[in-house]
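Novice: Using the numbering used here, the letters of the sequence shown map in sequence onto residues 15 to 251.
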Amino acid sequence: MNTILIARITVAASCLPIIIAALKRKDLNTPLRIFLMYCVLSLVVNVSELSFLWYASKNYASLEGYFKYFDIQDTSFIGILYYVLDFIFLGWFYTLLLGKKHQGRVVHWISYLLLLVCVLNYLFIEGYKVYGKFNPAADAIFIFVLAAYYLFFLFKSNLSLPLYKNPYAWISLGLMIPHIIGIFLFMVGDVVHKENYHLFTTLSSLKNGFLIIGQILMAIGFWHAQYVRFITLPGEK
15 MNTILIARIT
25 VAASCLPIII
35 AALKRKDLNT
45 PLRIFLMYCV
55 LSLVVNVSEL
65 SFLWYASKNY
75 ASLEGYFKYF
85 DIQDTSFIGI
95 LYYVLDFIFL
105 GWFYTLLLGK
115 KHQGRVVHWI
125 SYLLLLVCVL
135 NYLFIEGYKV
145 YGKFNPAADA
155 IFIFVLAAYY
165 LFFLFKSNLS
175 LPLYKNPYAW
185 ISLGLMIPHI
195 IGIFLFMVGD
205 VVHKENYHLF
215 TTLSSLKNGF
225 LIIGQILMAI
235 GFWHAQYVRF
245 ITLPGEK
């Protein structure tokens with residue numbers, strides 16, 4: 015199965031949480047609406063990337079001059095859009111879940127600090143021509159640690175609502191799972207990308223498999239949206 019086909023399947027899977035959220039739209043509160051915005055914009059970026067690949071493959075002869083001038087060999091230059099969405103929307107999402115006057119304040123400042131550093135790194139240090147080391151590693155660690163910390167926060171909160179009915183728990187699991195392999199891939203991805211591109215695409219395809227699992231878990235989270243009324247967020251106390 016080629017890389018583009020796997021990417022298309024991954025994009026199709028990313029529609030699932032959006033569809034479920036649309037069905038449950040009357041039950042969505044502010045954090046879930048923010049996460050829905052994140053899902054929709056991530057899908058837009060994914061579709062744009064696939065559209066670029068399709069258009070470039072069909073019109074390579076006319077675009078070759080631009081690719082050589084800007085030294086574009088793949089879609090690594092689009093990666094910054096994913097990181098911007100992650101830091102802005104996931105930072106916002108977990109800031110609300112943890113409370114703006116509590117741990118959420120720390121999340122807020124860390125997310126915007128990382129956003130600034132990643133943009134500067136993209137523009138002036140590692141640049142847009144390579145997969146990079148810092149940006150993907152910072153993004154993967156940020157998401158994994160944030161989701162893991164929130165699950166720990168839920169465990170110690172002793173909520174009356176079972177975790178399997180908690181939409182935020184399902185969403186956090188859906189964010190964590192793809193980044194288990196993602197952290198490894200992001201730490202060594204730039205080296206593998208340069209020295210063994212076939213291995214890089216294989217690892218990327220494996221990560222896409224984890225992403226599909228993550229999308230299913232996020233969809234389950236939206237399916238349990240009606241239970242958010244039983245969850246009092248720190249900022250609502």
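C-beta: ideal position from N, C-alpha, C; glycine also.
Does DSSP put Gln117 in a helix, a strand or coil?
Specialist: Helix at Gln117.
Novice: Please name the residue, chosen from Asn180, Lys179, Leu175, Asn222, that lies closest to Ile194 on a Cα-to-Cα basis.
Specialist: Considering only alpha carbons, the answer is Asn222.
Novice: Can the beta-carbon of Pro45 be found closer than 8 angstroms to that of Leu110?
Specialist: Closer than 8 angstroms, so yes.
Novice: I'd like the span of the alpha helix (DSSP H) that includes Phe103, first residue to last.
Specialist: Careful: Phe103 lies outside any alpha helix (DSSP H) and carries neither H nor E.
Novice: Can you tell me the Cβ-Cβ gap for Glu63 and Ile94, rounded? I've got them flagged as a contact below 8 angstroms.
Specialist: Their Cβ separation, rounded to whole angstroms, is 12 angstroms, which puts Glu63 and Ile94 out of contact at 8 angstroms.
Novice: Going by alpha carbons, who is nearest to Val59 out of Tyr182, Arg22, Lys72?
Specialist: It is Arg22.
Novice: From this set, Val98, Ser71, Ile102, Ala35, which residue's C-alpha is nearest Gln87's C-alpha?
Specialist: Of the candidates Val98, Ser71, Ile102, Ala35, the one whose C-alpha sits nearest the C-alpha of Gln87 is Ser71.
Novice: Can you tell me whether Ile245 is buried or exposed? The criterion is at least 16 other CB atoms within 10 Å of its CB, across all chains shown.
Specialist: The residue in question, Ile245, is buried, as its Cβ has 16 or more Cβ neighbours within 10 Å.
Novice: Label Leu220 either buried or exposed according to how many other C-beta atoms from any shown protein chain fall within 10 Å of its C-beta, with 16 as the threshold for buried.
Specialist: Classification for Leu220: exposed.
Novice: Can you determine whether any heavy atom of the ligand SAM sits closer than 7 angstroms to the C-beta of Pro181, and answer yes or no?
Specialist: For the ligand SAM, the structure offers nothing, since it holds no ligand at all.
Novice: With a 10 Å radius around its C-beta and 16 neighbouring C-beta atoms as the bar for buried, classify Ala75 as buried or exposed.
Specialist: Looking at its Cβ environment, which holds fewer than 16 other Cβ atoms inside 10 Å, Ala75 is exposed.
Novice: When you compare only the Cα positions, how much space is there between Lys38 and Val242?
Specialist: Roughly 12 angstroms separates the two Cα atoms.
Novice: Give the secondary structure of Asn43 by DSSP, where H, G and I count as helix, E and B as strand, and everything else as coil.
Specialist: Coil.
Novice: What is the C-beta distance between Leu112 and Pro248, in whole angstroms, given that I count them as a contact (C-beta under 8 angstroms)?
Specialist: Yes, they are in contact, since the Cβ atoms of Leu112 and Pro248 sit about 6 angstroms apart, within 8 angstroms.
Novice: Is Asn135 helix, strand or coil when you go by DSSP?
Specialist: Of the three classes helix, strand and coil, the one that applies to Asn135 here is helix, per DSSP.
Novice: Do you know how far the Cα of Phe101 is from the Cα of Asp153?
Specialist: Those two C-alpha atoms are separated by around 8 angstroms.
Novice: Since Phe224 contacts Pro192 with CB under 8 angstroms, what's their CB separation in whole angstroms?
Specialist: Phe224 to Pro192, Cβ: 4 angstroms. Contact.
Novice: Where does Lys72 fall in DSSP's three states?
Specialist: Looking at Lys72 - three-state DSSP - the assignment turns out to be helix.
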